[in-house]
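In my numbering, the protein residues as written are 847 to 1359.
Just so you know, even glycine gets a beta-carbon here, dropped at the ideal spot from N, CA and C.
For reference, the structure is listed below as structure tokens.
Listed below in structure tokens is the structure:
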């Protein structure tokens, strides 16, 4: 046998051996016992994380958006404010958010989220309660600024949801937190459940506002809209205190996970162990990541459209409703948005597709804003609120899940990426309320949002093409990923994870399109 022939035989033998090892790895990954352990872990995470985050989000949303309900019930008259003053109050809130976004996200990444977040919730609830004592435009603006600073820190923890002009989305770097516990294919549904707190709070907000403002008018010598801030703030305060014992930290240090569960929670995501010391590498990597900047533009489009949340009662009033019915008629719009969000998220996770669903939601909103611009029929205008709100708000959860998919990196990079998204996209919450200065049709705002939605659709498909090219490059370098829907640990049930420098996680990771 010649030397070259022997080399070929040896090479073939190594190839066969490598393939056998791969098959063995796949078998280990799909071991029934390991699958059972993973499912039990996910159920435990769902029971502990999702309910509390959703409840906190509902509380924050109520404390933030109740100013829109107060507006139509006498706030402007009592404080001698104009519609322009009200828009500035909304915008000033954003300055408080932007001031602390990146520092607070970096602090959150290095601290205990359970303690950090519960303290912030308590402080913000107190600020919200004190809003009942405002006397004029200046004192209300100061209160909203500090509410923004506190809710910004809080949002650092959850991944940002900020749509509707509420930077609530951001409010919880829920996306950041959830992405440290859940796989990319699991995120969209959890996001949708979490952000259903947004839509549910809109529905509850209308019901609570109608009941509180009507029932508490004049009690203790205070107007009903002032009691709205007090009572909803007290509820948030109590829940914030309880949240310390329920919220998680991170997979590596959450006390209510066993040692085996913590180990599996880290390894199933294909992550290396988090670094204990701060490094500027994560900051630099997030800033230089083009996908983050694409998402910033997409998210600004969503948040600009979401500003309608603050003006929803005004839109409802303009189509013929009065009194408490203005508050109650906001409920079906939010219920529709919640239902559409869940449907879109389930389909997105099941089909493992993001771009088409985000683009679809934006197209639904686009149709709604076309009606807002072109029609004067009250019934049609009311119907368009379902399309505008449902389309914009249902795109939120899937778009944030997509960002988590696109920035798999080290935990520090992910934290900074979400902080950048939240901070810069807050500009939409600053300028967008100023667009609503031509009541009752608000044509200027509707035309700008209509244009933004169109740009968002284009960016969705453009990003899809770039990610498809990135996946082909990863396939060419590392081969086809040994990952299926039943795979528990990417790369096999081993203690070491082979990290791809391009992504910062397992070489078996691929971007979702």
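Beta-carbon proximity of residue i to residue j, cut-off 8 angstroms
{"i": "residue 972", "j": "residue 1094", "result": "no"}
{"i": "residue 1351", "j": "residue 1254", "result": "yes"}
{"i": "residue 1145", "j": "residue 1227", "result": "no"}
{"i": "residue 1037", "j": "residue 1024", "result": "yes"}
{"i": "residue 1052", "j": "residue 1173", "result": "yes"}
{"i": "residue 1026", "j": "residue 1096", "result": "yes"}
{"i": "residue 933", "j": "residue 1276", "result": "no"}
{"i": "residue 1259", "j": "residue 1132", "result": "yes"}
{"i": "residue 1033", "j": "residue 1142", "result": "no"}
{"i": "residue 1111", "j": "residue 912", "result": "no"}
{"i": "residue 986", "j": "residue 970", "result": "no"}
{"i": "residue 1170", "j": "residue 1074", "result": "no"}
{"i": "residue 1296", "j": "residue 1240", "result": "no"}
{"i": "residue 931", "j": "residue 983", "result": "yes"}
{"i": "residue 1211", "j": "residue 1238", "result": "yes"}
{"i": "residue 1035", "j": "residue 1191", "result": "yes"}
{"i": "residue 968", "j": "residue 1083", "result": "yes"}
Cβ neighbours of residue i in the same chain (closer than 7 angstroms, five flanking residues each side left out)
{"i": "residue 1213", "result": "1233"}
{"i": "residue 919", "result": "1059, 1070 and 1071"}
{"i": "residue 1357", "result": "1251, 1252, 1313, 1316 and 1317"}
{"i": "residue 1334", "result": "875, 880, 881, 884 and 1114"}
{"i": "residue 1081", "result": "905"}
{"i": "residue 823", "result": "What the structure shows of the chain is the stretch from 847 to 1359, and residue 823 is not part of that stretch, so it cannot be assessed."}
{"i": "residue 1298", "result": "1147, 1150 and 1151"}
{"i": "residue 1165", "result": "1224, 1227 and 1228"}
{"i": "residue 1188", "result": "1038 and 1042"}
{"i": "residue 1028", "result": "1036"}
{"i": "residue 1140", "result": "1305 and 1309"}
Exposed unless 16 or more other CB atoms sit within 10 angstroms - verdict on residue i
{"i": "residue 886", "result": "exposed"}
{"i": "residue 1067", "result": "exposed"}
{"i": "residue 1106", "result": "exposed"}
{"i": "residue 1136", "result": "exposed"}
{"i": "residue 1236", "result": "buried"}
{"i": "residue 1100", "result": "buried"}
{"i": "residue 1162", "result": "buried"}
{"i": "residue 1195", "result": "buried"}
{"i": "residue 928", "result": "exposed"}
{"i": "residue 1279", "result": "buried"}
{"i": "residue 799", "result": "Nothing about residue 799 can be read from this structure; the chain reaches only from 847 to 1359."}
{"i": "residue 878", "result": "exposed"}
{"i": "residue 1310", "result": "buried"}
{"i": "residue 959", "result": "buried"}
{"i": "residue 1321", "result": "exposed"}
{"i": "residue 893", "result": "exposed"}
{"i": "residue 910", "result": "buried"}
{"i": "residue 1197", "result": "exposed"}
Cβ shell of residue i (< 6 angstroms), same chain only, five flanking positions each side left out
{"i": "residue 975", "result": "1076 and 1079"}
{"i": "residue 1347", "result": "none"}
{"i": "residue 1208", "result": "1241, 1299, 1302 and 1303"}
{"i": "residue 1182", "result": "1232 and 1236"}
{"i": "residue 1274", "result": "1146, 1149 and 1150"}
Beta-ladder partner(s) of residue i, from DSSP
{"i": "residue 1352", "result": "1345"}
Neighbourhood of residue i by C-beta, 8 angstroms cutoff - its chain only, sequence neighbours within 5 removed
{"i": "residue 964", "result": "1086, 1087, 1089, 1090 and 1093"}
{"i": "residue 1263", "result": "1132, 1135, 1138, 1249, 1253 and 1255"}
{"i": "residue 1285", "result": "929, 1160 and 1164"}
{"i": "residue 1319", "result": "1348"}
Any non-hydrogen atom of the ligand SAM within 7 angstroms of residue i CB
{"i": "residue 1224", "result": "Absence of the ligand SAM is noted for the structure shown, with no ligands found whatsoever."}
C-beta neighbour in chain B for residue i, strict 8 angstroms
{"i": "residue 986", "result": "No chain B is part of this structure, which consists of one protein chain only."}
* Asked: Does the count of Cβ pairs from the segment 895-909 and the segment 1235-1245 closer than 8 angstroms reach three?
  -> Per the Cβ contact rule, the segment 895-909 is not in contact with the segment 1235-1245 (fewer than 3 Cβ pairs under 8 angstroms).
* Given 8 angstroms, three or more beta-carbon pairs between the segment 1194-1207 and the segment 1302-1313 -> The segment 1194-1207 makes contact with the segment 1302-1313: 3 or more CB pairs, one atom from each, lie closer than 8 angstroms.
* To do: Would you check if the segment 1145-1158 and the segment 1277-1291 touch, i.e. whether three or more CB-CB distances between them fall below 8 angstroms?
  => Yes, since at least three Cβ pairs between the segment 1277-1291 and the segment 1145-1158 fall closer than 8 angstroms, the two stretches touch.
* Taking 8 angstroms as the threshold, find out whether the segment 1192-1201 comes into contact with the segment 1306-1313 through three or more Cβ pairs. => Output reads yes: the segment 1306-1313 touches the segment 1192-1201.
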